[in-house]
Structures are given as structure tokens and as C-alpha cells.
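Chemist: In the working numbering, the protein residues as written are 150 to 375.
From the three backbone atoms N, C-alpha and C, an ideal C-beta is built for every residue, glycine too.
Just passing along the structure, written as C-alpha cells.
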Amino acid sequence: MAQHHTAAVSTIAVTAILAVLIIFAFTLGDPVESSLNERKDYYRDLSARVFGMVGYDEESKKEIVENVFSGDTRILRLYQRDRLLLSHVTEEDWSLKYSSEDYFEVQNGGFTIFVSAVDINKNRAQNSMMIFAVIIVLVFGLMLIYTKHFVQTISDILFILLRGFKEKGYSLQVKIPKVYTDHEIFQLSVFYNDKFLPAKLKRLHKEKAKMKSQLSMDDLIKFKKK
């Protein structure tokens with residue numbers, strides 16, 4: 150019974166946490182997504198200023214673009230049409246380590262920038278792991294703490310009461326902590342200890358006395374026959 154109750158409480162707690170997270174996500178927005186949007190806006194504005202230069206030929210624009218973006222390690226690759234102008238990753242790493250979710254593209258005036266979003270994705274993964282860890286700790290906490298509490302205050306009490314009501318020779322009393330005296334199950338335990346058990350023991354004592362008396366009469370009859 151304790152396992153079923155713990156599972157139910159754990160399910161309710163996890164559902165409540167997820168509901169709160171969903172509400173916060175809809176009302177306050179995803180901070181990780183906000184960071185990604187801010188980065189996109191920054192590089193769109195930067196590219197508009199750099200790539201939108203007028204009065205420069207293509208080679209001059211190329212040189213300016215390379216100088217502006219060469220020190221920015223978030224720029225994974227910079228293309229002028231199909232020609233690679235700048236790369237902060239090797240061809241092998243680009244092919245094997247980066248997927249479409251690890252970067253976003255900014256295009257302007259024949260130039261294309263591939264901007265890294267790896268650090269933002271790491272933050273999202275860390276947030277997800279933190280939420281998962283909180284849920285795991287909560288579930289295990291409920292299993293360890295609530296289950297023990299439930300067993301001590303509910304399951305063990307019901308076990309004693311059930312055996313006391315059903316088994317003729319079972320006469321163990323229920324221990325009633327003062328802090329729980331107002332709980333219904335312990336009020337039932339008071340009735341069990343103070344009313345039911347004394348009556349049960351009295352009845353058992355009478356039955357034993359009666360059986361002893363019957364045995365004595367039988368022994369006397371057998372003795373006379375001899």
C-alpha cells in the first residue's frame with residue numbers, strides 16, 4: 150500500500166513541477182531561446198552594417214569583412230557566395246561535429262555567416278538536466294522520507310489492527326505517538342487498545358478457564374471409570 154501511495158504522490162509532485170515550468174515558459178518565455186534570439190538580432194544588425202557598405206568594391210568589402218569577423222570565434226564560417234573567406238573550424242570538425250542545430254545563418258549582400266549556437270544549446274541541455282535532477286531527487290526523497298513516514302503512521306498500524314481483529318491469539322497493542330493523537334487512525338487505535346483488546350483478552354481468558362474446567366471434569370470421569 151505504501152508503494153502505491155508513494156507512486157501516486159510522486160506522480161502528482163512531478164506533474165505539478167512540469168505544470169509550473171510550462172506556465173513559466175509561456176508567461177516569462179524561455180531564457181535560452183531569448184539568448185538565441187538576441188544573438189541572431191546582434192549578428193543581423195552587425196551584418197547589415199558591415200555588408201551594407203556602399204562605395205567599396207568587392208575586394209575592399211572582402212578585406213573589411215575579414216578584419217571585422219576574424220577575431221570573433223562565434224563565427225564558424227564566412228562565405229562570399231560560394232567562396233570560403235573565413236573559418237574557425239576545420240573541415241573535418243565542420244562535417245562531423247556540427248549539425249544544423251549548432252549554428253544559424255545570417256545572409257546579406259552575397260555574404261553568408263554561420264554563427265555558433267553551441268554554448269546556447271549547452272545551456273539548454275544543462276537546464277534540462279537540472280530539471281531532470283530535481284525530479285529524480287524529489288522522487289527518491291518521497292520514496293525514502295514519505296514511504297517511511299507512511300509505513301510508520303499508516304501501514305504498520307493497519308497491519309496490527311487487521312491481525313488483532315482477525316487472529317484470535319494476536320494481542321499486540323498499537324503505539325500511539327502524542328503528536329498523532331488527533332489522527333483518525335490513531336483514534337481507532339485508542340478504541341482498539343482500550344476497548345477491543347481488553348474485551349478480547351477477557352473472552353480468551355474465559356475460554357481458557359472453561360477449557361481447563363472441562364479437562365478437569367473429563368479427567369475425573371476417566372479416573373472414576375478406572
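Among the residues of its own chain, which have a CB less than 7 Å from the CB of Ile-171, if the five just before and after it don't count?
Modeler: Cβ within range, chain order: n/a, list empty.
Chemist: What does a CB cutoff of less than 8 Å around Ser-159 pick up in its chain, not counting 5 residues either side in sequence?
Modeler: Leu-287, Val-288, Leu-291, Met-292, listed in sequence order.
Chemist: Considering only their Cβ atoms, is the gap separating Val-264 from Tyr-192 smaller than 7 Å?
Modeler: Closer than 7 Å, so yes.
Chemist: Leaving out five residues on either side along the sequence, give the residues of the same chain with a beta carbon under 8 Å from the beta carbon of Phe-372.
Modeler: Any reading at Phe-372 must be qualified, since the residue scores a pLDDT of 49, below 50, and its modelled position is unreliable; no value is offered.
Chemist: At the 7 Å Cβ level, is Leu-311 part of the contact set with chain C, yes or no?
Modeler: Among the protein chains of the structure shown there is no chain C, as only one such chain exists.
Chemist: Would you say Lys-325 and Phe-335 are within 7 Å of each other, going by their C-beta atoms?
Modeler: Sequence check: residue 325 is Ile here, not Lys. Yes, they are a contact pair.
Chemist: Find out if the Cβ-Cβ distance for the pair Leu-185, Ile-269 is shorter than 7 Å.
Modeler: Contact flag set, yes.
Chemist: Since Tyr-247 sits in a beta bridge, which residues does DSSP pair it with?
Modeler: BP columns for Tyr-247 are empty, so no partner.
Chemist: When the distance is taken between beta carbons, is His-237 closer than 7 Å to Thr-222?
Modeler: Against a cut-off of 7 Å, the Cβ pair of His-237 and Thr-222 comes out as a contact.
Chemist: Between Ser-196 and Val-255, which are expected to be in contact by the criterion C-beta below 8 Å, what is the C-beta distance as a whole number of angstroms?
Modeler: Confirmed, Cβ separation roughly 5 Å.
Chemist: How would you call Arg-312, buried or exposed, if buried means at least 16 neighbouring beta carbons within 10 angstroms?
Modeler: Exposed, because fewer than 16 other Cβ atoms sit within 10 Å of the Cβ of Arg-312.
Chemist: Under DSSP, the beta strand (DSSP E) around Gln-256 begins and ends at which residues?
Modeler: Its beta strand (DSSP E) spans residues 252-257.
Chemist: Are the beta-carbon atoms of Leu-234 and Leu-225 separated by less than 7 Å?
Modeler: Not a contact, by the Cβ cut-off of 7 Å.
Chemist: Buried or exposed: Thr-164, going by 16 or more other Cβ atoms within 10 Å of its Cβ?
Modeler: Thr-164 comes out exposed.
Chemist: Please state whether DSSP places Val-264 in a helix, a strand or coil.
Modeler: Strand.
Chemist: Which two residues bound the contiguous alpha helix (DSSP H) that contains Ile-306?
Modeler: Segment 305-315, the alpha helix (DSSP H) holding Ile-306.
Chemist: Taking the alpha-carbon positions, what's the Trp-243 to Pro-180 distance?
Modeler: The straight-line gap from Cα to Cα measures roughly 27 Å.
Chemist: Looking at the secondary structure, which residues open and close the alpha helix (DSSP H) in which Ser-236 lies?
Modeler: Note, Ser-236: premise wrong, no alpha helix (DSSP H); beta strand (DSSP E) at 232-236.
Chemist: By alpha-carbon positions, which one of Thr-302, Ala-162, Glu-241 ends up nearest to Leu-337?
Modeler: Ranking the options by Cα distance to Leu-337, first place goes to Thr-302.
Chemist: Please look up how many angstroms separate the CB atoms of Tyr-295 and Thr-155, rounded, as I've assumed it's under 8 Å.
Modeler: 6 Å between Cβ atoms; contact.
Chemist: Are the CB atoms of Ser-320 and Leu-350 within a distance shorter than 7 Å?
Modeler: The answer is yes: Cβ separation under 7 Å.
Chemist: Tyr-191 lies in the alpha helix (DSSP H); which residues open and close that run?
Modeler: Per DSSP, Tyr-191 belongs to the alpha helix (DSSP H) from 180-200.
Chemist: Decide if Val-323 is buried, meaning its Cβ has at least 16 other Cβ atoms within 10 Å, or exposed.
Modeler: Buried is the call here.
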